[in-house]
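What follows is a short report on a single structure.
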Amino acid sequence: MKKRKNSDAFNDLHIKVPFMLPEITNEDKRAILATLDQNLLTDGPKLKEFENKFAKFTGARYAIGVSNATAALQLSLKAIGIGKGDEVIVPDLTFVASINAILFTGATPVIVDIDKEDYNVSIDSIKKSLTKKTKAIMPVHFAGKSCKMHEIQTIARKNNLKIIEDCAHAIGGKLNKKHV
Numbered sequence: 001m002k003k004r005k006n007s008d009a010f011n012d013l014h015i016k017v018p019f020m021l022p023e024i025t026n027e028d029k030r031a032i033l034a035t036l037d038q039n040l041l042t043d044g045p046k047l048k049e050f051e052n053k054f055a056k057f058t059g060a061r062y063a064i065g066v067s068n069a070t071a072a073l074q075l076s077l078k079a080i081g082i083g084k085g086d087e088v089i090v091p092d093l094t095f096v097a098s099i100n101a102i103l104f105t106g107a108t109p110v111i112v113d114i115d116k117e118d119y120n121v122s123i124d125s126i127k128k129s130l131t132k133k134t135k136a137i138m139p140v141h142f143a144g145k146s147c148k149m150h151e152i153q154t155i156a157r158k159n160n161l162k163i164i165e166d167c168a169h170a171i172g173g174k175l176n177k178k179h180v
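In full-length UniProt numbering, the protein residues as written are 1 to 180.
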């Protein structure tokens, strides 16, 4: 039997990945044009409507709309006083936004392992990475799966740390019947 090169193995691989187009209705188009006509792209009645609906959907008292998840994480870190000289624990399996938000504040991301069972941050890796400079933990609820928040909250309370949850992958996800 002839031995094949690794690159040849991929030539026989024919995988069809389904591609779905977004369903954009005429009503959607009219709503977008009406918003553009108001000259209020980053503020205004549509943003307020979204914030109210999102807060209601998640059961939160408030929701603040921002341009993207990076901005939301950065503002959250700033709001709790994270800055230069601080360390924030973050899992290695995440989108670059989590780490960029930490860097934008001047803090240092401490990148830790994930749990192979659920692909979320490993509780043991959090414990092993704690230092005197650690000020916060940023668990990322990956692929709609909730992190082990009870254990993370216990670590945070014991070490006087703040928690900023990155829920970009888990909007609609729940833990103990509450939205993450």
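The beta-carbon is built from N, C-alpha and C at its ideal position, and this holds for glycine as well.
Note that the coordinates shown come from a computational prediction; the quantities given were computed from them, not determined experimentally.
E49: member of the alpha helix (DSSP H) spanning P45 to T58, first to last residue.
T105: not part of any alpha helix (DSSP H); DSSP gives it neither H nor E.
Assigned with DSSP and collapsed to three states, H179 falls in strand.
Across the structure, K78 and T131 are spaced so that their CA atoms are roughly 20 Å apart. In the DSSP assignment, E87 falls within the unbroken beta strand (DSSP E) covering E87 to P91. Here D28 carries a helix assignment [DSSP, helix/strand/coil].
When C-alpha distances from Q153 are compared across S76, V121 and F95, the shortest belongs to V121. DSSP places A136 inside the beta strand (DSSP E), whose first and last residues are T134 to I137. Counting along the chain, L75 sits inside the alpha helix (DSSP H) bounded by residues A69 to A79. Around the beta carbon of D37, a 10 Å sphere encloses fewer than 16 other beta carbons of the protein chains shown; the residue is thus reported as exposed.
Taking a 10 Å sphere around the C-beta of F142, we find 16 or more other C-beta atoms and assign the residue as buried. The beta-bridge partner set that DSSP reports for I111 consists of V90. Secondary structure of V96 (DSSP, three-state): helix.
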